[in-house]
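Everything below concerns the one structure shown next.
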Amino acid sequence: MAERTTLSEKAVNELSLMCGWRVLVDEPMSSYTTFRIGGPADFMCSPSSPEALSKVLAWTSAEGIGRLVMGAGSNLLVSDRGIRGIVIRTNRMCAWTAEDGNLVAEAGALMPRLANDLAGMGLSGFTEACGIPGSVGGGLYMNAGAYGWNISDVTTLVEAVDGSGNAMELTREEMAFGPKTSALMRDGLIATRVHAKLISIDKDRIRQKISELLEDRARKQPLELPSAGCVFRNPSGKGAGRLIDQCGLKGTSVGGAAVSNRHANFIVNVKGATARDVRELLELVARIVRETTGERLEPEVRLVGDWDVE
Ligand SMILES: Cc1cc2nc3c(=O)[nH]c(=O)nc-3n(C[C@H](O)[C@H](O)[C@H](O)COP(=O)(O)OP(=O)(O)OC[C@H]3O[C@@H](n4cnc5c(N)ncnc54)[C@H](O)[C@@H]3O)c2cc1C
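Mind the numbering: the sequence shown is residues -14 to 295 in our numbering, read in order.
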């Protein structure tokens, strides 16, 4: 097991001042992931602004402290041993403005909230993201999308910082968006703000569309159980869910984790699943799909934390 990170009282105070918020110690990650799984983070902080985030990154980089930046925790499988170093949440960086058809949103803004609030202003751009329970930053990281829409379709510019907190701007082209990937993932950059284009549409039409999309999700996805959405990427031209279903794997379980009976690409936390249960189930499903169909499934969910010897 990797060694727990220790910080002096002075360092913790310094970090709290930088963030403008209390630093949490040994905080259970299960409270911050949609899977409801994950051991403790040694430290957790929530910077109040992109500038504060930049300072935290510069400081942790200079001190050689490991860190993980997270949004809403809706695409994370955190190990049972938890996360060494500092988890930096973007949840307090959620301000946004929409003027003249342009959105500027901080990375912690939640996509469903944006979709709804913009709908109230008769603006569309994030409508299809109404059921993606992640932050703008997490969405940019893996080019989130649904119903034929991707965040890359509306993004015009991304403000970001590198691991040392140096600020930069990336054009849409420089973001190198691809299926479930971006320059943030490739280069280890952290998004701080997105600039996106919006279009004006009748409010009621947008609201109607949102309720149809949410109803469709509720029919097709096991939303009543904790999960991280689709766990495998779609191999080119094929749906991972369909392949898993073809192999008769719906309902297969390891410990408290099971392949959903409603959507085969969802692994659900049925009852007290551990990260290890989910990981073993991911490996089992990938192995059976490979042996049966020859297709290789790669996880879409991000495995993070201390997996040493597990
Ligand atoms: C019920 C359910 C349905 C879902 N449906 C969809 C769907 O339809 N389409 C879809 O694409 N996804 C879907 N997802 C998955 C998930 O919501 C998306 O991947 C979302 O974009 C993750 O955002 P997050 O803020 O939760 O990221 P997190 O889970 O917090 O983090 C995921 C990754 O993003 C990185 N990250 C987070 N913030 C930043 C940042 N500011 N800068 C750089 N990197 C960052 C993290 O380091 C981590 O590697 C679903 C999940 C659930 C639980």
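Here a beta-carbon is modelled for each residue, glycine too, at the ideal position from N, C-alpha and C.
Straight-line gap, residue i to residue j (C-alpha atoms, nearest Å)
| i | j | result |
| --- | --- | --- |
| F28 | E209 | 30 angstroms |
| G116 | A203 | 10 angstroms |
| K235 | E(-6) | 50 angstroms |
| L38 | E268 | 35 angstroms |
| M96 | V121 | 6 angstroms |
| E295 | G123 | Residue placement at E295 is poorly supported in this model, since its pLDDT is 49, which falls under 50; the coordinates still yield a value, given next. If I take the Cα positions, the gap works out to 26 angstroms. |
| G257 | V263 | 11 angstroms |
| S167 | L155 | 11 angstroms |
| G290 | G67 | 5 angstroms |
| V(-3) | G5 | 12 angstroms |
| A100 | D187 | 14 angstroms |
| S16 | G24 | 10 angstroms |
| A243 | S185 | 42 angstroms |
| T278 | L228 | 8 angstroms |
| A104 | A131 | 17 angstroms |
| D102 | N246 | 33 angstroms |
| V274 | R77 | 41 angstroms |
| S221 | L199 | 27 angstroms |
| N128 | L(-8) | 35 angstroms |
| R98 | T140 | 17 angstroms |
| Q206 | E91 | 29 angstroms |
| L169 | E(-1) | 28 angstroms |
Distance cut-off 8 angstroms: residue i Cβ against heavy atoms of ligand 1
| i | result |
| --- | --- |
| P118 | yes |
| Q206 | yes |
| L103 | no |
| K40 | no |
| I175 | yes |
| R92 | It is Ala, not Arg, that sits at residue 92 in the sequence shown. Yes, the beta carbon of A92 sits closer than 8 angstroms to at least one heavy atom of ligand 1. |
| S245 | no |
| A242 | no |
| L53 | yes |
| N219 | no |
| T19 | yes |
| G123 | yes |
| R287 | yes |
Simplified DSSP state of residue i, which is helix, strand or coil
| i | result |
| --- | --- |
| W44 | helix |
| E295 | Bear in mind that a pLDDT of 49 at E295, under 50, signals an unreliable position, so the number given afterwards is only what the model happens to contain. Coil at E295, not helix or strand. |
| L62 | strand |
| N(-2) | helix |
| E268 | helix |
| I252 | strand |
| C232 | coil |
| D262 | helix |
| I50 | coil |
| K194 | helix |
| M96 | helix |
| M170 | helix |
| T278 | helix |
| G105 | helix |
Of the listed residues the options, nearest to residue i (C-alpha basis)
| i | options | result |
| --- | --- | --- |
| K223 | K205, R281, N246, N135 | R281 |
| K40 | M96, K205, N128, G150 | G150 |
| T75 | G86, V54, N60 | V54 |
| I340 | K182, G93, M106, M153 | Residue 340 lies beyond the residue range present for the chain, which begins at -14 and ends at 295; the question has no answer from this structure. |
| E197 | A(-13), T112, S31 | T112 |
| G93 | A104, L125, R7, E84 | L125 |
| T177 | V72, L61, A80 | A80 |
| A43 | N60, E91, I73, R21 | I73 |
| I71 | M153, T45, N60 | T45 |
| M3 | E36, A(-13), D230, R21 | E36 |
| P164 | N219, A152, M78, A26 | N219 |
| P32 | S1, I252, W292, K205 | S1 |
| D201 | H248, T237, R157, M160 | H248 |
| L61 | D138, K194, G119 | G119 |
| R192 | S109, M153, G173 | S109 |
Cβ pair residue i, residue j closer than 9 angstroms
| i | j | result |
| --- | --- | --- |
| R69 | R190 | no |
| D85 | A260 | no |
| I296 | G133 | It is not possible to answer for residue 296, since the shown part of the chain is limited to -14 through 295. |
| L88 | V146 | no |
| G56 | M14 | no |
| T19 | A213 | yes |
| N254 | P211 | yes |
| E285 | C215 | yes |
| F217 | V270 | yes |
| M(-14) | D293 | yes |
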